[in-house]
Amino acid sequence: MDFPPYLGSMPMHAITEIHGEPGLLERFRLEIRSFDAAARQRLTAALDLAAELHRDDRRVREPYLNHLLRVAIRMMHHYQVRDVDVIVAGLLHDAVEDHPVELAGDAAGDDLTAAALAALAARFGARVARLVAAVTNPAYDPARDRNEQYREHVAASLDREPWARVIKVSDFTDNGVGVIHTVGPKVESSARKYRPLVPVFRELVSRPDTPLSADVKRHILAQLDLAEERFSAILDQPAHRH
């Protein structure tokens, strides 16, 4: 497939709409060219594992891998992240939550999450597993509001892991700013789930120990403002009069 010479500067949702998964894969390859051979090998191995685990998963209208690619590309391109562990964890941030059995394999026991994280640590190192653990949702109490528990978990786990904030805010940006690329009932349910997290992420991103430059932090805060505008447009419309 032929891609335009400006693929490296195209907005990611534009690449998604026009070129689909092949375009995002090519953009990923463009982004990792500046890494050394060992780093490229690790990043490609993580991408291959993500593609294998999520091969049958869909995200509304697209392959789930598209979301994982955008999370990783955003960190490299917009957040200027060069820490390979962080990008690997970004590609695999949903692996333990969505596919613990496939990850754990024969080691799967009573604690699937722990077994899956151990398998991830064996393949990519303990730090990658720790970062993925920080962005993996726990088992929810069915007697309590699910979204409220999700927000509590995000605030608590990211408080302790500065680099996990970087992964989660890229994930949040894809879900939040990207909410306009969703269709059906998921538009409103996503807006209700994510809107209360905007101030949480503003505070986390602004912390001195969040390992991003001042320019990148300003970029992320502007993206959070955009997400808030989109949530407001979805949720704050006055009732239609008949």
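When we follow the numbering used here, the leftmost residue of the sequence shown carries the number 27, and every step to the right adds one.
Don't be surprised by glycine CBs; every beta carbon is placed ideally from N, CA and C.
All values reported here derive from a predicted model rather than from experimental measurement.
Which value, in whole angstroms, describes the spacing of the CA atoms of residue 210 and residue 87? A direct Cα-Cα distance of roughly 10 Å separates residue 210 from residue 87.
Could you work out which residue in 43, 232, 263 is closest to residue 250 when comparing CA atoms only? Checked all of 43, 232, 263; the closest Cα to residue 250 is 232.
In terms of alpha-carbon separation, which member of 81, 46, 107 lies closest to residue 193? Comparing Cα positions, the closest option is 107.
Where does residue 64 land, buried or exposed, given buried means 16+ other C-beta within 10 angstroms? The Cβ neighbour count for residue 64, taken over all protein chains shown within 10 Å, is under 16; the residue is labelled exposed.
So residue 101 packs on residue 114, CB below 8 Å; how close in whole Å? With a Cβ gap of about 11 Å, residue 101 and residue 114 do not count as contacting.
C-alpha gap between residue 254 and residue 132, whole angstroms: Between the C-alpha atoms of residue 254 and residue 132 there is a straight-line separation of about 44 Å.
Give every residue of the same chain whose Cβ lies closer than 8 Å to the Cβ of residue 97, excluding the five residues on either side of it in the sequence, and list them in chain order. Cβ within range, chain order: 116, 117, 119, 193, 196, 197, 200.
Excluding five sequence neighbours on each side, which residues of the same chain lie with their C-beta closer than 6 Å to the C-beta of residue 42? Cβ contact annotation for residue 42 (same chain, cutoff 6 Å, sequence separation greater than five): 92, in chain order.
In whole angstroms, give me the CA-to-CA distance for residue 191 and residue 263. One C-alpha to the other measures close to 31 Å.
So, at 8 Å on beta carbons, what are the nonlocal neighbours of residue 99 in its own chain, with the 5 sequence-adjacent residues on each side left out? The beta carbon of residue 99 sits closer than 8 Å to those of 38, 50, 53, 54, 57, all from its chain and outside the five residues before and after it, given in chain order.
DSSP three-state call for residue 85: helix, strand or coil? Strand.
Using only alpha-carbon positions, find the residue among 237, 241, 234, 215 that is nearest to residue 257. Residue 257 has its Cα closest to that of 215, out of 237, 241, 234, 215.
Taking all protein chains shown into account, do 16 or more other C-beta atoms lie within 10 angstroms of the C-beta of residue 204, making it buried, or fewer, making it exposed? By the 10 Å Cβ count, residue 204 comes out buried.
Buried or exposed, going by whether 16 or more other CB atoms sit within 10 Å of the CB of residue 143? It counts as buried.
Starting from residue 35, trace the alpha helix (DSSP H) in both directions and tell me its first and last residue. Per DSSP, residue 35 belongs to no alpha helix (DSSP H) and is neither H nor E.
Inspect the CB distances between the segment 143-153 and the segment 174-182 and report whether three or more fall short of 8 Å. When Cβ pairs closer than 8 Å are counted between the two stretches, the segment 143-153 is seen not to touch the segment 174-182, the count staying below three.
For residue 238, which residues of its own chain have a beta-carbon under 7 Å away from its beta-carbon, when the five flanking residues on both sides are left out? Within the same chain, residue 238 has close Cβ partners 105, 192.
Beta-carbon separation (whole angstroms), residue 162 vs residue 187, contact threshold 8 Å: Incorrect: roughly 12 Å between the Cβ atoms, too far for contact.
Chain-order list of residues whose beta-carbon lies under 7 Å from that of residue 248 (same chain, five-residue window excluded): Once the five neighbours on either side are set aside, residue 248 has no close Cβ partner at all.
Less than 9 Å between the C-beta atoms of residue 121 and residue 146, yes or no? Between residue 121 and residue 146, the C-beta spacing is below 9 Å.
Using the three-state DSSP reduction, which class does residue 105 fall into: helix, strand or coil? Correct three-state label for residue 105: coil.
Taking residue 158 as the reference, which of 170, 183, 40 has the closest Cα? Taking only the C-alpha atoms, the option nearest residue 158 is 183.
Taking 9 Å as the cut-off, decide whether the C-beta atoms of residue 110 and residue 61 are in contact. Less than 9 Å divides the Cβ of residue 110 from the Cβ of residue 61.
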